[in-house]
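Have a look at the structure below before the remarks.
Numbering (the working numbering), first residue to last: 724 to 940.
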């Protein structure tokens, strides 16, 4: 299993008490240390799978397709107007990432990063409608041949740290790393109104694998 670099410190910190408890359980045989070893071991496995980073290389890049930027469940599809920077009517698709989903975020379509902003905020549950505008979040605007696309990483009630990698002015390729959100979160994508959405509410999608929208040539 390949582990994302964002998880190395967390796993190291968690591994120290696990190995101490295991050592004491082996040498003393005390029930307390055995119980703590089991608890820390189970939690270590949970955190380990959370930070997994499977190889998601896009076999056939498609400049007219928008791949999912995240693993998770589609919880909203609606026409909206986002007040932050793109004021025209948009189609919003929201993907909720549970703690058991892969939390690496990917660039869904090639383009150039023309805007980025980090917002402090609350920690409402990520499926709450107001989490998009009130939670801790980051906003990217990606300039593409099909128009500007806004991607928002949103921290949830458990997630308290958002990592975002590309910088403004940098050209990115479909499938590149976009960022990482720790422990349960949400990703909102705001498409131009002419995009053809390929998913429906309730679908479970995977980053760099499932196409969530298409554009005309």
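By construction, the Cβ of each residue, glycine as well, lies at the ideal position given by its N, Cα and C atoms. Keep in mind the model is a prediction, meaning the values are calculated, not measured.
- prompt: How is residue 734 classed by DSSP in three states: helix, strand or coil?
  reply: helix
- prompt: Considering residue 766, what are the terminal residues of the alpha helix (DSSP H) in which it resides?
  reply: Residues 754-773.
- request: Classify residue 918 as helix, strand or coil using the three-state DSSP reduction.
  value: coil
task: Answer with yes or no whether the minimum CB distance from residue 857 to chain D is below 9 angstroms.
output: The displayed structure is made up of one protein chain only, and chain D is not part of it.
- prompt: CB residue 794 to CB residue 820, shorter than 9 angstroms?
  reply: Against a cut-off of 9 angstroms, the Cβ pair of residue 820 and residue 794 comes out as a contact.
query: Is the Cβ-Cβ distance between residue 790 and residue 930 less than 9 angstroms?
result: yes
task: Would you mind sorting residue 879 into buried or exposed? The rule is 16 or more other CB atoms within 10 Å of its CB.
output: buried
message: At the level of alpha carbons, what is the spacing between residue 870 and residue 910?
response: 19 angstroms
message: Classify residue 792: buried if its beta carbon has 16 or more other beta carbons within 10 angstroms, exposed otherwise.
response: buried
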